[in-house]
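Chains W and U are the protein sequences, given in the same order.
Under the numbering used here, the first sequence has 272 at position 272, and the numbering climbs by one with no breaks.
Under the numbering used here, the second sequence has 1144 at position 144, and the numbering climbs by one with no breaks.
Each remark here refers to the structure printed beneath this line.
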Amino acid sequence: MPSDRRLEREAAKRRRHRRGQAIAALSSLVVLGGLATLILTSPGWPEVRETFFDWGVFKDSFPDVAKAFWLDVKIFVIAELAILLVGLVVAMVRIARSPAIFPLRLLSVVYVDVFRGIPTILLVFLIGFGVPALRLQGSPTDPIVLGAIALTLSYSAYVAEVYRAGINSVHRGQRDAALAVGLTEVQALRHVILPQAVRRVAPPLLNDFVALQKDVALISILGPLEAFREAQIIEAQLFNFTPLVAAALLYLAVTIPTARIVDRLGGPEGAVR
Amino acid sequence: MRWGSPQKLSLTLLLLAALYVLGCGSSDDSSSSTSAAGGADCPKGKLATEKQGVLTVATDKPAYPPYFEDDDPTNGEGFESAVAYAIAKQLGYPPAKVEWTVESFNASFAPGPKDFDFDVNQITITPPREKAVDFSAPYYRANQAVVALKDSDAAKARSLADLQDAKLGVQIGTSSLEEAEAEIEPSSRPEVFNTSNDVVQALKNGQIEAIVVDLPTALYLTAVQVPEATVVGQFGSGSGEAWGALLEKDSKLTGCVSAAVEELESSGELEKITQRWMSQAAGAPELH
């Protein structure tokens, strides 16, 4: 039987909770309602509604854009796997202490500096049109492959740094302890340091993947018919921007779930409440 | 649970707003542009232009030959520059009273106020596009052309059917894509590039085997940009695609500009301009 004081305390808690809910609802209503009113009553709204939110155009273009979006999905899934691997290799080279691999270490530093420093769209363009111009035997000419390579190179540079930060965040004592119980340097890395490091950097890694999932649209400049390009084509045919809104919704459909996973991994502080 | 409800409420509100926006998407459809041609409605040199007293004409940058020369629309050289100045003259604006402004293709049909009176940018008139903008009477009819490297298989094509298995490339926003898909019926969909320079680079790289592009552009490409390529031939639905000057939807000037184009056509002036800048276009072999 709960004491009176406890009941009193719980009732107060419930009241506070209800009050909090009421305030949140009211402020949402005021802010969102105000925003909606501002947009819906703006002088250009009827025109914007017709050119960006035409339901008929949306219905007609969505299947085509969605079909093209499948190409984006395939590209980013493959690129993400490649990035996880390339980034890890670059990070390992960069933290290795052996003097023999100094040139590799130097290369990895230059690689990260250069590929992180070039705008992704420029990199896609340079690799997509530049590599085939070399006419090297056996080099890929398929724009989808070249675009995926460019994205992988760009994002691996970021991800290598994320890995490196994770590895450096594992306390030195962990390595010393692993060596003390008889593990080799490599075994210590593989079984002790990396598992802790990767777990720690999982949220920033996924964060980079959210960015990548949008940047796949950059491949469109090389010609492949992915969602953004397909939407642009319909846009130019109809002089109506609604297909672009359809494409935007499709990108959101993959980036928002990824963002929610990031929130989960990041603990309760990250979540919307 | 604890903080679930306000979040859900906000989301619901957001969704409701989104549904509202989409729901009343295509409710009203106003397409009533009566074009009063010439006469009292179009006082010479005193039209209700964007900037009082001058006629503002727009095109994209860079502006390519044979439509413009030296990327400079103001010199009167090149087909569309010449057409624009001829239209201006009909409307009572001498060259000194014509101003040029840069307008990208996408921006030209985006909603919102326009800072030009009309836009000449090889824009094909189609009914869906007419829902978003006004077009003048057509000033040119363009056929499509196929461009391929001279030593390629595509260059040996003698019919559209020969090109079905070729990897095609087009520029975004052009009607070449629709025409190529409808007329050639390619086995795989054409690649679509941002600019004609990118299409050309892809052709040189062997990433595509043939370009489909407006015939006058094809002639320029093969004469200047890729001499190692050739115009395989031309094709077009009926008499080709009509190009018109683009105006803001329900512009007061649409009727005047149309009337000016029609006067240029009946006086033979348009024919002369076309002859001067687009004359080689007749020579390319026809593909069926």
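Just so it is clear, CB atoms sit at the ideal spot from N, CA and C, and this is done for glycine as well.
Could one say the Cβ of residue i lies closer than 9 angstroms to chain U's Cβ atoms, at least one of them?
i: W/L222; result: yes
i: W/I261; result: no
i: W/T141; result: yes
i: W/I233; result: yes
i: W/T51; result: yes
i: W/G270; result: Residue confidence is low: W/G270 scores 44 on pLDDT, short of 50, so the model does not pin down where it sits. Its coordinate-derived value is still stated next. By this cut-off, W/G270 is not an interface position.
i: W/R175; result: no
i: W/L225; result: yes
i: W/R229; result: yes
What residue range is occupied by the uninterrupted beta strand (DSSP E) comprising residue i?
i: U/V1170; result: L1168 to Q1171
i: U/L1219; result: Counting along the chain, U/L1219 falls outside any beta strand (DSSP E), though it belongs to the alpha helix (DSSP H) covering L1215 to Y1220.
i: U/E1241; result: E1241 to W1243
i: U/V1192; result: E1191 to F1193
How long is the line joining the alpha carbons of residue i and residue j, rounded to whole angstroms?
i: W/F52; j: W/L218; result: 22 angstroms
i: W/R19; j: W/L7; result: 18 angstroms
i: W/S108; j: W/A91; result: 8 angstroms
i: U/T1222; j: W/L206; result: 48 angstroms
i: U/A1242; j: U/A1137; result: 9 angstroms
i: W/A202; j: W/G223; result: 33 angstroms
i: U/P1062; j: U/D1071; result: 6 angstroms
i: W/W55; j: W/V65; result: 15 angstroms
i: U/E1228; j: U/S1152; result: 10 angstroms
i: U/T1217; j: U/I1273; result: 16 angstroms
i: W/P204; j: W/A259; result: 11 angstroms
i: U/G1169; j: W/I261; result: 40 angstroms
i: W/A132; j: U/N1106; result: The question names Ala, yet the displayed sequence has Pro at residue 132 of chain W. One C-alpha to the other measures close to 30 angstroms.
From the DSSP secondary-structure annotation, give me the bridge partner or partners of residue i.
i: U/K1051; result: U/V1054
i: U/Q1144; result: U/D1214 and U/F1235
i: U/V1098; result: U/L1055
i: U/F1135; result: U/L1246
i: U/E1286; result: U/Q1234
i: U/L1149; result: U/A1229
i: U/F1118; result: U/V1057
i: U/T1124; result: U/W1243
Taking the alpha helix (DSSP H) that residue i falls in, what are its first and last residues?
i: U/E1228; result: Careful: U/E1228 lies outside any alpha helix (DSSP H) and carries neither H nor E.
i: U/Y1067; result: Where U/Y1067 is concerned, there is no enclosing alpha helix (DSSP H), given that its DSSP letter is neither H nor E.
i: U/A1202; result: S1196 to N1205
i: W/V186; result: E185 to A188
i: U/N1106; result: F1105 to S1108
When the cut-off is 9 angstroms and only beta carbons count, does residue i lie next to chain W?
i: U/A1202; result: yes
i: U/D1198; result: yes
i: U/E1178; result: yes
i: U/E1271; result: no
i: U/F1079; result: no
i: U/F1105; result: yes
i: U/I1184; result: no
i: U/I1208; result: yes
i: U/E1191; result: yes
Applying a beta-carbon distance threshold of less than 8 angstroms, which residues of chain W neighbour residue i?
i: U/R1158; result: Those within 8 angstroms of U/R1158 in chain W number zero; the least Cβ separation is about 27 angstroms.
i: U/E1241; result: Correct list: empty, because the minimum Cβ distance to chain W is about 13 angstroms.
i: U/G1169; result: G223
i: U/P1128; result: Q237, L238, F239 and N240
Please compile the residues from chain U whose C-beta is within a distance smaller than 9 angstroms of the C-beta of residue i.
i: W/V133; result: Note that residue 133 of chain W corresponds to Ala in the displayed sequence, not to Val. Simply Q1201, K1204 and N1205.
Note down, in chain order, every chain W residue with its Cβ under 9 angstroms from the Cβ of residue i.
i: U/V1133; result: F239
Residue i versus chain W: which residues are under 7 angstroms apart at the beta carbon?
i: U/N1194; result: I221
i: U/R1141; result: None at all; the shortest Cβ gap to chain W is about 19 angstroms.
i: U/P1111; result: G44, E47, V48 and T51
i: U/E1181; result: Chain W residues near U/E1181: none, gap ~10 angstroms exceeds 7 angstroms.
How about residue i: is its C-beta nearer than 9 angstroms to some C-beta of chain C?
i: W/R200; result: Annotation note: the requested chain C is absent from the structure, which comprises protein chains W and U.
I want to verify the contact list: residues of chain U whose CB lies under 7 angstroms from the CB of residue i, in sequence order.
i: W/A236; result: I1172 and G1173
Against residue i, what residues of chain U qualify as contacts under a CB-to-CB distance less than 8 angstroms, listed in chain order?
i: W/F129; result: D1198, Q1201, A1202 and N1205
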